[in-house]
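Asker:
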Amino acid sequence: MKIGVCVKITPDTDTRIKIQGDGIDANGIKWVVSPYDALAVEEAIVTGEKHGAEVVSFTIGDESTQAVLRGNVLAPGVARSVVVSEAAALKTDSLGRARVLAAAIGREACDVVFCGKVGIDHDNAQVPAMVGELLGWPVISRVTTFSAEGGRFRATRNVDGGVVEVVEGPLPAIMTAERGLNTPRYAKLPQLTAAKKKPIDTPSLADLGLSADVIAPAVTMTAWDTPPPRPKGRILQGDVDTVVDELVRLLREEAKVL
Amino acid sequence: MSGILVVCEHEQGSFKKTAGELLGKAVELARALGTTVSAAVVGDVAADALGGWGAQQVYQVAGDFSSYSGTRTAAALHAIATAAAPDVILAPASYAGKDALPRLVARLGSGLGTECTDLRVDGGVVVGRRPLYAGKAFADVRVTRGVAVFSVRANSFPVPAMGTGRAPVQTVACTSVDPVVVVERKAAEHKTADLTEAERIVSGGRSLKSAESFDAVVRPLAATLGATVGASRAAVDAGYAHHDEQVGQTGKTVNPTLYIALGISGAIQHLAGMRTSRVIVAVNKDASAPIFEHATYGVVGDLFEVAPKLAAAVARLG
Ligand SMILES: Cc1cc2nc3c(=O)[nH]c(=O)nc-3n(C[C@H](O)[C@H](O)[C@H](O)COP(=O)(O)OP(=O)(O)OC[C@H]3O[C@@H](n4cnc5c(N)ncnc54)[C@H](O)[C@@H]3O)c2cc1C
Ligand SMILES: Cc1cc2nc3c(=O)[nH]c(=O)nc-3n(C[C@H](O)[C@H](O)[C@H](O)COP(=O)(O)OP(=O)(O)OC[C@H]3O[C@@H](n4cnc5c(N)ncnc54)[C@H](O)[C@@H]3O)c2cc1C
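So the protein sequences, as listed, match chains A and B.
Going from the first sequence to the numbering used here is simple: count from 1 and add 2.
Going from the second sequence to the numbering used here is simple: count from 1 and add 760.
So this is what it looks like as structure tokens:
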């Protein structure tokens, strides 16, 4: 058995975003494993330990992602990483990226691939389902439990309206991680040292049987801006009964939401 | 055919609010483009009434889709998209929208703009406006190749009144079998709207101090308001509220008309999930809490006093 995990390196959630052209100002940003991908990494490692399987990670990102991968993906237990850094792969949309990841995963013959439910930068929630469609694999979104046995998986997913479903199906398959799936571990010092020697493979698009044309984007994002500031609010303080009455009046008469 | 195709979700025999929101918007966009509006319906439901929201034609794949199937839903949408051959597809950013639309777009080889909060016509095409970085940034999104697909966050547009018009329904054949089977289905314990679709939300934070007081203070106020309960991550991590109640960058992104935050400080990750709420009420005993910078109405006070009195005052309104 072989296990894959797709890892995106994103700005830390504490980051204050500044716009620069059609994108963000990358200056001073702390880069981390996207929080849902940290759950995916942990699940991949746990599943690998249980089945004695090798765990491989896949990333599209520039060279700087390698250091984050060593510390947060290879150190806690992933055996090796595949990183695609070719310019065309960095500049395309979700479907283009999914084509790259599907090709990289296809080379490895994985039995299951864990992803995050969403990348917390572009918030698309598109890539995993597209990878599944391209590979012809089942995709289970927002998974909170996972197990595998005899070529089949069993998983719990959170669908809309608080409904929880337990599903079963054949491997290989894609799972996207939701909060509650597990608690990611921290790597220990010896693991951090050992991770420095773990292999990172950096295939070109040609190595993956792709070209810039095949993965060209169909989506453009322009006119970037920060959200308009909210109009200044009204602060109520003093006697609780008076404040509550005033609040209810404002909600009814001014805001018209009651 | 061409025009705008709207994916209309339904539940227990009736169409969801998002169907009305999106059809209403599609009618407006289609008028500006001089094109038509049709509806895509997956699963068994009487669908001709969508004409009352402006659909000129309904395309329907029949069958039982009450348990979600990604494979079957994507195949059904693809069959409808092939029959209707639209220029633009609009769909809600629901679970199905997030799971099946990327698969549809992978089949179409086109592009998808996710979680748009606004749509407009610009230069003869539909353009979406969407939040990125958990609402810390916004951008215009356009699809420049093939069918342009947009998913739209609930409560982005008003729901028009439903007229009496009826639309012709064309049944589209699609036989797809999902190798994934649902072996167990647990409905929600709480019978309120999903956070992502809720019009009113009452959220509690770490300051509630226990699950018991969360249940005694936050939930009754929510019940009085007919609101869905939310929570900060600190409250979820402490076990006061459920995982699926977390609002924020690593929880649910919500877009209600009224959001009440009880004892929540307003951390950047929490704001990320609720900053597009139309009216924000913050109750916090610390007058310098960051949440007040985003509140429409801020109450400086003890939530344990304010919340029950607010519930009582709302109850008196009847
Ligand atoms: C310089 C630059 C140019 C860009 N140009 C365009 C453009 O022209 N058009 C456009 O639409 N977008 C563009 N993007 C955005 C980019 O396409 C998105 O990041 C991509 O679509 C994935 O969206 P997401 O991160 O929201 O992923 P989601 O679909 O939300 O990700 C879900 C999961 O998929 C996996 N995954 C996603 N991305 C990766 C990755 N890179 N490596 C490994 N695993 C991954 C992870 O497991 C992740 O948790 C650009 C970005 C940059 C930095
Ligand atoms: C990667 C990452 C992701 C995260 N994702 C999320 C997320 O999705 N959602 C989220 O919410 N957080 C998230 N967080 C956590 C976030 O940074 C904050 O820690 C969290 O939101 C704080 O929750 P809180 O406001 O309930 O608690 P606190 O920050 O402790 O605030 C409690 C507030 O209650 C007030 N208070 C106390 N007693 C009373 C009283 N009796 N009456 C009135 N007011 C009172 C205090 O003045 C204070 O302002 C994330 C953090 C990280 C690092």
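Yeah, the Cβ is synthetic: ideal placement off N, Cα and C, and Gly gets one too.
(1) Any beta carbon of chain A sitting closer than 8 Å to that of Gln1006/B?
(2) Going by alpha carbons, who is nearest to Val909/B out of Ala220/A, Glu51/A, Val80/A?
(3) Where does Ile346/A fall in DSSP's three states?
(4) When the Cα of Pro174/A is compared with those of Gly108/A, Thr222/A, Lys200/A, which residue comes out closest?
(5) Taking Cβ positions only, does Leu191/A come closer than 8 Å to chain B?
(6) How should Pro192/A be labelled, buried or exposed, when 16 other C-beta atoms within 10 angstroms of its C-beta is the threshold for buried?
(7) Gly1058/B to Arg1038/B, Cα distance in whole Å?
(8) Measure the Cβ-Cβ separation of Val1014/B and Val989/B and say whether it is below 8 Å.
(9) Between which two residues does the beta strand (DSSP E) containing Gln930/B stretch?
(10) Sorry if obvious, but does the Cβ on His1030/B come closer than 7 Å to a heavy atom of ligand 2?
(11) Could you please go through the chain and list the residues whose beta-carbon is closer than 5 Å to any non-hydrogen atom of ligand 2?
(12) Determine the direct distance from the alpha carbon of Gly50/A to that of Glu56/A, and round the result to whole angstroms.
(13) Taking the beta carbon of Tyr1019/B as the centre, do at least 16 other beta carbons fall within 10 Å, making it buried, or is it exposed?
(14) For Asn126/A, tell me which candidate among Thr795/B, Tyr893/B, Val929/B, Val886/B has the shortest Cα-Cα distance.
(15) Would Trp33/A pass as an interface residue toward chain B - the criterion being a Cβ-Cβ separation below 8 Å?
(16) DSSP three-state label for Ser143/A, please.
(17) Could you list which residues in chain B have their beta carbon closer than 9 Å to that of Glu170/A, in chain order?
(18) For Val85/A, which option in Arg159/A, Asp243/A, Gly182/A, Asp203/A has the closest C-alpha, if you only look at C-alpha atoms?
(19) Nearer than 7 Å: is that true of the beta carbon of His124/A relative to any heavy atom of ligand 1?
(20) For a test of your reading of the model: does the CB of Leu41/A fall under 7 Å from any non-hydrogen atom of ligand 1? Yes or no.
(21) What does DSSP give as the partner residues of Gly990/B in its beta bridges?
(22) Can you name the residues that DSSP bridges to Arg902/B?
(23) Going by DSSP in three states, Val129/A sits in which element: helix, strand or coil?
(24) Give the interface partners of Arg880/B over in chain A, defined as CB-CB distance under 8 Å, in chain order.
(25) So which residues of chain B does Met223/A contact, with C-beta pairs closer than 9 Å?
(26) What in chain A is Cβ-close to Phe910/B, meaning under 7 Å?
(27) Where does Pro269/A fall in DSSP's three states?
(28) May I have the straight-line CA-CA distance separating Ala851/B from Arg913/B, to the nearest angstrom?
(29) Which bits of chain A does Asp824/B rub up against, with CB to CB less than 8 Å?
(30) How would you write the range of the beta strand (DSSP E) that Leu238/A sits in, first residue to last?
(31) Work out the CA separation of Ser829/B and Asn29/A for me, nearest whole Å.
(32) Taking beta-carbon pairs under 8 Å, can you tell me which members of the segment 814-839 of chain B lie near chain A?
(33) Lys858/B versus chain A: which residues are under 7 Å apart at the beta carbon?
(34) Can you grab the Cα-Cα spacing for the pair Thr781/B / Ala921/B, in whole Å?
(35) With 7 Å as the C-beta to C-beta threshold (strictly closer), list the residues of the segment 148-165 of chain A near chain B in chain order.
(36) In the DSSP assignment, find the unbroken beta strand (DSSP E) run with Met177/A in it and report its ends.
Answerer: With the structure as the only source:
(1) The Cβ of Gln1006/B sits closer than 8 Å to at least one Cβ of chain A.
(2) With respect to the C-alpha of Val909/B, the residue from Ala220/A, Glu51/A, Val80/A having the closest C-alpha is Ala220/A.
(3) Outside the shown range of chain A, which is 3 to 260, sits residue 346/A, and nothing can be said about it.
(4) Of the residues Gly108/A, Thr222/A, Lys200/A, the one whose Cα lies closest to the Cα of Pro174/A is Gly108/A.
(5) Not one chain B Cβ lies under 8 Å of Leu191/A.
(6) The residue is exposed, with fewer than 16 neighbouring Cβ atoms inside 10 Å.
(7) Computed Cα separation, rounded: 14 Å.
(8) With contacts defined as CB atoms closer than 8 Å, Val1014/B and Val989/B fail to qualify as a contacting pair.
(9) Where Gln930/B is concerned, the enclosing beta strand (DSSP E) stretches over 929-931.
(10) His1030/B: yes, Cβ under 7 Å from ligand 2.
(11) Listed by chain position, these are Thr15/A, Pro37/A, Gly965/B, Arg966/B, Ser967/B, Ser992/B, Arg993/B, Ala994/B, Gly1008/B, Gln1009/B, Thr1010/B, Gly1011/B, Gly1023/B, Ile1024/B, Ser1025/B, Ala1027/B, Gln1029/B, His1030/B, Asn1044/B, Lys1045/B, Asp1046/B, Ala1049/B, Asp1062/B, Leu1063/B.
(12) Distance between the alpha carbons of Glu56/A and Gly50/A: 6 Å.
(13) By the 10 Å Cβ count, Tyr1019/B comes out buried.
(14) Ranking Thr795/B, Tyr893/B, Val929/B, Val886/B by Cα distance to Asn126/A puts Tyr893/B first.
(15) Interface flag for Trp33/A against chain B is unset, since no Cβ pair is found closer than 8 Å.
(16) In the structure shown, Ser143/A adopts extended strand secondary structure according to DSSP, grouped into three states.
(17) Under the 9 Å cutoff, chain B gives Val940, Val941, Val942, Val943.
(18) Among Arg159/A, Asp243/A, Gly182/A, Asp203/A, the Cα nearest to that of Val85/A is on Asp203/A.
(19) Relative to ligand 1, His124/A has its C-beta within less than 7 Å of a heavy atom.
(20) For ligand 1, not one heavy atom lies less than 7 Å from the Cβ of Leu41/A.
(21) Looking at the DSSP assignment, Gly990/B forms a beta bridge with Ser963/B.
(22) Checking the DSSP bridge columns, you'll see Arg902/B partnered with Thr222/A.
(23) Correct three-state label for Val129/A: helix.
(24) Within 8 Å Cβ-Cβ: nothing; Arg880/B doesn't reach chain A, min ~11 Å.
(25) Around Met223/A, the beta-carbon contacts reaching into chain B at under 9 Å are Gly873, Arg890, Leu892, Ala899, Asp900, Val901, Arg902.
(26) Result: empty, since nearest Cβ-Cβ is about 10 Å, beyond 7 Å.
(27) As shown, chain A starts at 3 and ends at 260. That puts residue 269/A outside it, with no answer to give.
(28) Going by the C-alpha atoms only, they are around 9 Å apart.
(29) Simply none; closest approach about 15 Å.
(30) Element bounds for Leu238/A: 236-238.
(31) Taking the straight line from one Cα to the other gives about 43 Å.
(32) Here the close residues are Ser827, Tyr828, Gly830, Thr831, Ala834.
(33) Contact of Lys858/B with chain A by beta-carbon distance below 7 Å involves Ala127, Ser143.
(34) Correcting the residue type first, residue 781/B is Glu in the shown sequence and not Thr. When rounded, the distance between both Cα atoms is 10 Å.
(35) From the segment 148-165 of chain A, only Asn160, Val161, Asp162, Gly163, Gly164, Val165 have a Cβ closer than 7 Å to chain B.
(36) Run containing Met177/A: 175-179, per the beta strand (DSSP E) assignment.
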